Amino acid sequence: MRAAVLGSPIAHSLSPALHRAAYAQLGLDWRYDAIEVDEAALPAFLSGLDQTWAGLSLTMPLKEAVLSLLVDVDPTAREVRSVNTVLPGTPEAAGWLGTTTDVYGTTQALVQAGLRQSPRTATILGAGATARSAVAALHRLGAREIVVCARREEAA
Numbered sequence: 083m084r085a086a087v088l089g090s091p092i093a094h095s096l097s098p099a100l101h102r103a104a105y106a107q108l109g110l111d112w113r114y115d116a117i118e119v120d121e122a123a124l125p126a127f128l129s130g131l132d133q134t135w136a137g138l139s140l141t142m143p144l145k146e147a148v149l150s151l152l153v154d155v156d157p158t159a160r161e162v163r164s165v166n167t168v169l170p171g172t173p174e175a176a177g178w179l180g181t182t183t184d185v186y187g188t189t190q191a192l193v194q195a196g197l198r199q200s201p202r203t204a205t206i207l208g209a210g211a212t213a214r215s216a217v218a219a220l221h222r223l224g225a226r227e228i229v230v231c232a233r234r235e236e237a238a
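Here it is as structure tokens:
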């Protein structure tokens with residue numbers, strides 16, 4: 083099976099090393115690469131995938147650009163307008179499906195870092211896809227006030 087992280091630029095990504103180590107630990111004979119793909123090339127790349135592909139990881143701005151190219155997007159990914167994981171569809175939903183692991187991952191990181199009660203307030207630096215996922219995670223943890231600090235007012 084094959085998988086990859088897509089983005090532009092992407093050569094700096096540590097995802098291949100992390101995924102390959104996990105595959106080796108699990109005894110999977112899978113391949114995971116970093117592939118240079120920009121927004122313009124994404125539709126053709128997706129349409130060229132076959133059944134040997136287990137899935138894709140995406141970086142920005144592909145996390146947003148992919149939304150219109152998928153047959154289905156889970157509610158959390160749709161809510162934060164960000165897909166970081168693309169998986170093959172099912173016989174009922176042929177094509178590619180989108181999800182995000184960022185909201186769950188952020189929630190778990192905060193809990194494991196010691197967050198034991200709902201935060202009254204929180205401040206997020208940035209307004210990109212990861213920041214939107216952090217806002218969703220904090221909301222789910224019960225934050226009552228979330229301040230977003232961004233370079234551009236319209237992004238916040």
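If you want the working numbering, it's the position in the sequence shown, counting the first as 1, plus 82.
The beta-carbon is built from N, C-alpha and C at its ideal position, and this holds for glycine as well.
These numbers come from a predicted model, not from an experiment.
Those residues which DSSP pairs with residue i across a bridge
i	result
leucine 179	Asp154 and Leu169
arginine 202	According to DSSP, which records beta bridges pairwise, arginine 202 is partnered with nothing at all.
leucine 88	Ile117 and Leu140
Pairwise C-alpha distance: residue j and residue i
i	j	result
leucine 152	glycine 224	31 Å
alanine 116	proline 98	6 Å
alanine 93	threonine 141	12 Å
alanine 204	serine 215	13 Å
leucine 138	alanine 103	17 Å
glutamate 121	alanine 147	6 Å
leucine 128	leucine 108	27 Å
asparagine 166	leucine 179	11 Å
arginine 233	proline 91	22 Å
serine 95	proline 173	32 Å
arginine 226	alanine 195	20 Å
Nearest candidate by alpha-carbon position, reference residue i, set the options
i	options	result
glutamine 199	Leu207, Val168, Thr189 and Gly208	Thr189
arginine 113	Leu100, Pro125 and Ala122	Leu100
tyrosine 228	Arg234, Ala213 and Asp111	The question names tyrosine, but residue 228 is isoleucine in the sequence shown. Selected option, being the one with the closest Cα: Ala213.
aspartate 184	Thr158, Asp154, Thr134 and Pro173	Thr158
histidine 221	Leu207, Pro201, Gly208 and Ala211	Pro201
threonine 134	Gly171, Gly109, Arg160 and Leu149	Gly171
methionine 83	Arg160, Asp132, Ala191 and Pro173	Asp132
glycine 177	Arg233, Val155 and Ser164	Val155
alanine 211	Arg226, Thr181 and Ser95	Thr181
Integer-rounded CB distance, given that residue j should sit under 8 Å from residue i
i	j	result
alanine 218	valine 168	Actually they are not in contact, since the Cβ atoms of alanine 218 and valine 168 sit about 19 Å apart, beyond 8 Å.
leucine 281	glycine 89	Outside the displayed range of the chain (83 to 238) lies residue 281, so it cannot be described from this structure.
cysteine 231	leucine 197	Their Cβ separation, rounded to whole angstroms, is 20 Å, which puts cysteine 231 and leucine 197 out of contact at 8 Å.
alanine 209	alanine 237	4 Å
alanine 85	alanine 136	5 Å
Unbroken stretches of the beta strand (DSSP E), 3 residues or longer, contained in the segment 112-139 = 113-118
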